[in-house]
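Student:
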Amino acid sequence: MDIGIDLIFKIAAIGIVTSIVNIMLNKAGKDELGMMVSLVGVIIVVLIVIDKISYLFQSVKTLFNL
Amino acid sequence: MHKLLGKIAGSTFIVAATVKIGYNESYRLSCRKKQLKALQSGIWLLKSDINFTLSTLSIAFKRASDLVDKSISELFLLISKYIDEGMDVSDAFNKAICVLKNSLQLKDCDYNILIEFSKNLGNSDIEIETQNFDKTLELLKISETNAEDNILKYSKLTKTLGLALGVLTVILLI
């Protein structure tokens, strides 16, 4: 499975956008909403990489004949 | 090549749309302040009309509607029309607010001030009426200050959020 540089850039971009939104919301006094946005960002990234993580575990299992 | 151009065009559309939504929200915030100002000048006009020329409510509303901002002018005209039809002042206010709620950018607390104002309007002596006008003008002034605070707080936020949402959507779709 090819991970590719695109995925890393995508995750970085999501991180940047999420942190900008978080900062703006915190400045406007909407701290709870800012935290929710951060959480949503994390969930989106986890959903993107979940199959890669699963592939990693599969590879480790195969490598050590587990 | 065509695929890339399609992607660029699509991304531009998405970002433009979300930025537009953000700017619209920001515009709505500034509209509330403008309408509250117009409402204050309208009520001030009503006060002077009723105090000095002793006009009836219907005529006073009609006169004030000619002099205030268009959005509030419609509200005053409707109230005047409903009073002419024989409705109670409070009911006329309620009905006019219900009809124009979608076109006005005011919040529920602003409508409550108007409804409270209407309950005491036209059924007491001139001194009490003047007090009612003054109290309403004071409350509307507080609402206007609140609207100004909201503009300072959220105007930039809505614009940035619009852009950020568009960029996030594009990133997820690419």
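Protein sequence lines, in the order shown, are assigned to chains Z and D.
Sequential numbering from 1 applies to the first sequence in the numbering used here.
Sequential numbering from 1001 applies to the second sequence in the numbering used here.
A virtual CB, placed ideally from N, CA and C, is assigned to each residue, including glycine.
A quick note: this is a predicted structure, and the numbers were derived from the prediction, not measured.
When Cβ atoms are compared, which residues of the region 31-44 of chain Z fall closer than 8 angstroms to chain D?
Tutor: So the list reads I44, given in the order they occur along the chain.
Student: Within 10 angstroms of its Cβ, does D:I1008 collect 16 or more other Cβ (buried), or is it exposed?
Tutor: By the neighbour-count rule (16 or more Cβ atoms within 10 Å), D:I1008 is not buried but exposed.
Student: Using the beta-carbon of each residue, which ones in chain Z are nearer than 7 angstroms to D:A1164?
Tutor: Those within 7 angstroms of D:A1164 in chain Z are V17, I20 and V21.
Student: How about D:F1052 and D:S1080: are their beta carbons less than 8 angstroms apart?
Tutor: Going by C-beta atoms, D:F1052 is not nearer than 8 angstroms to D:S1080.
Student: DSSP three-state label for D:I1174, please.
Tutor: Of the three classes helix, strand and coil, the one that applies to D:I1174 here is coil, per DSSP.
Student: Quick check: the region 1006-1025 of chain D against the region 1119-1129 of chain D, are there 3 or more CB pairs under 8 angstroms?
Tutor: Touching, no, given that fewer than three Cβ pairs across the two stretches are closer than 8 angstroms.
Student: Expressed to the nearest angstrom, what Euclidean distance is found between the alpha-carbon atoms of D:E1074 and Z:G41?
Tutor: Their Cα atoms are separated by approximately 45 angstroms.
Student: Is Z:F64 helix, strand or coil by DSSP?
Tutor: Correct three-state label for Z:F64: coil.
Student: So, D:I1142 versus D:L1114, is the Cβ gap smaller than 8 angstroms?
Tutor: No.
Student: Which residue comes first and which comes last in the alpha helix (DSSP H) that contains D:K1081?
Tutor: K1070 to D1084 is the extent of the alpha helix (DSSP H) around D:K1081.
Student: Which residues in chain D sit within 8 angstroms of Z:G29, going by Cβ to Cβ distance?
Tutor: Here the neighbours are K1153.
Student: Of all Cβ atoms in chain Z, is any one closer than 8 angstroms to the Cβ of D:T1145?
Tutor: D:T1145 does not count as touching chain Z.
Student: One question on the structure: do D:F1117 and D:K1047 come within less than 8 angstroms of each other, judged by their Cβ atoms?
Tutor: No, these two residues do not count as a Cβ contact at 8 angstroms.
Student: Tell me where the alpha helix (DSSP H) around Z:L28 begins and ends.
Tutor: The question names Leu, yet the displayed sequence has Ala at residue 28 of chain Z. Taken as a continuous stretch (DSSP letters only), Z:A28 belongs to no alpha helix (DSSP H), as it is neither H nor E.
Student: Are Z:I11 and Z:I48 close, meaning C-beta to C-beta below 8 angstroms?
Tutor: Cβ atoms of Z:I11 and Z:I48: closer than 8 angstroms.
Student: Compare the beta carbon distance of Z:N22 and Z:V46 with 8 angstroms and say whether it is the shorter of the two.
Tutor: Contact flag unset, no.
Student: Counting C-beta neighbours from all protein chains within 10 Å, is the total for D:Y1082 16 or more, i.e. buried, or is it exposed?
Tutor: Classification of D:Y1082: buried, given that the 10 Å Cβ count is 16 or more.
Student: Tell me whether Z:M24 is buried or exposed, calling it buried when 16 or more other Cβ atoms sit within 10 Å of its Cβ.
Tutor: By the neighbour-count rule (16 or more Cβ atoms within 10 Å), Z:M24 is buried.
Student: Which stretch, first to last residue, makes up the alpha helix (DSSP H) that contains D:I1097?
Tutor: Its alpha helix (DSSP H) spans residues V1089 to L1100.
Student: At the 8 angstroms Cβ level, is D:T1130 part of the contact set with chain Z, yes or no?
Tutor: It does not: the Cβ of D:T1130 has no partner Cβ on chain Z nearer than 8 angstroms.
Student: Report yes if the CB atom of D:D1110 is closer than 8 angstroms to the CB atom of D:L1036, and no otherwise.
Tutor: It is a contact, given that the beta carbons lie within the stated cut-off.
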